[in-house]
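Only one structure is covered here, and it is reproduced in the block below.
In this note's numbering, the protein residues as written are -10 to 326.
Below, the structure is given as structure tokens:
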């Protein structure tokens, strides 16, 4: 007896006089217990214009019967997906794919012209699932002709979100931050050392020199630094220096370099949603923040967002200061950037 396997749109033709065998419908990728996306070679398509990740699912039919069209019903089996997760087969970060993250047809025609359908993931929704694997179990049912191969009628698609949405870390400082440092530029300068930063908003309390007109810029050693200083000068309650911009969705790192600092009170590098920064006592309201002693932070935006970044500090006690040299902003650019 001669047998063959159909991977594409049709069954193979009979070349010898042999029994036709049972015609069974299956998903070609279901021969693997888990269909990981993305994979190498690529098993997906990227629609950058519409922000979609397209995963083709191919249908085959075994047996030697002549080529015939048939229809199938398609659905997501969330219970099976959860069972796969609970069984410990997948990583601990695996979750059932929410229905609003993907789309696929409820029925397909196969057997002659087109033996595939697309599962389409929405990139705008995937940002909410960074650090996760999304599990979508696809179940075929009710063929109009032939019968299902029960062992291959279910496909476990496991989408690893981070490789899709994070991609490569790219510096975007100059694209979004004006006057980012090394050196900083002053819009007002006394010609000796003190000034006010160009392109940054400086709160009144930071301007504690020359009768409240200068502060925030320090040309110490001709270096050009962002600065706050409380050295026999007025207190700086909730001193803020910041800049507002609109960033696209994605993951970001913000790194800050200091020349030096001497801080005994609250002092933070901050990223906040909307215009302005919170007070030091309300710093937990920010998207992300970190003390000067750990001058790097990460944050994730699930959609295009207006954000404000900068520094907040309480310099009430004497003998405190900082001299900040440079801000660097990095964006993890993904398959859609």
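Backbone N, C-alpha and C define an ideal beta-carbon position, used for all residues, glycine too. Everything numeric in this text was worked out from a predicted model, so none of it was measured.
Taking 8 Å as the upper bound for CB-CB distance, residue 13 and residue 131 are not in contact here, some 15 Å apart. Taken in chain order, the unbroken stretches of beta strand (DSSP E) that lie wholly in the segment 234 to 261 and span 3 residues or more are 239 to 251. With 16 or more other Cβ atoms inside 10 Å of its own Cβ, residue 83 counts as buried.
Taking 3 residues as the shortest admissible run, the segment 21 to 104 contains the following complete beta strand (DSSP E) segments, listed from N- to C-terminal end: 24 to 26, 34 to 36, 41 to 50, 59 to 65, 83 to 85, 96 to 99. Restricted to the segment 138 to 168, the beta strand (DSSP E) segments that are unbroken, complete and at least 3 residues in length are 143 to 149, 157 to 160, listed in chain order. Measuring C-alpha to C-alpha distances from residue 210 to each of 198, 182, 195 identifies 182 as the nearest.
If you draw a straight line from the Cα of residue 98 to the Cα of residue 169, it is about 57 Å long. Under the three-state reduction of DSSP, residue 208 is assigned to coil, being neither helix nor strand.
Ranked by Cα distance from residue 171, the first of 146, 207, 212 is 212. Taking a 10 Å sphere around the C-beta of residue 73, we find 16 or more other C-beta atoms and assign the residue as buried. Taken in chain order, the unbroken stretches of beta strand (DSSP E) that lie wholly in the segment 169 to 209 and span 3 residues or more are 175 to 178, 183 to 186. Judged by DSSP secondary structure, residue 115 falls within the alpha helix (DSSP H) whose first and last residues are 112 to 115. Nearest Cα to residue 305 within the set 46, 86, 67, 219: 219. Assignment of residue 272 by DSSP, reduced to helix, strand and coil, places it in the helix class. At a Cβ-Cβ threshold of 9 Å, residue 45 and residue 105 count as neighbours. DSSP places residue 220 outside both helix and strand once states are collapsed to three, so it counts as coil. Distances from the alpha-carbon of residue 53 to those of 11, 59, 238 put 11 closest. A straight-line Cα-Cα distance of about 40 Å links residue 15 and residue 290.
Beyond the five residues adjoining it in sequence on each side, residue 280 comes within less than 7 Å, by CB distance, of 256, 257 in the same chain, given in chain order.
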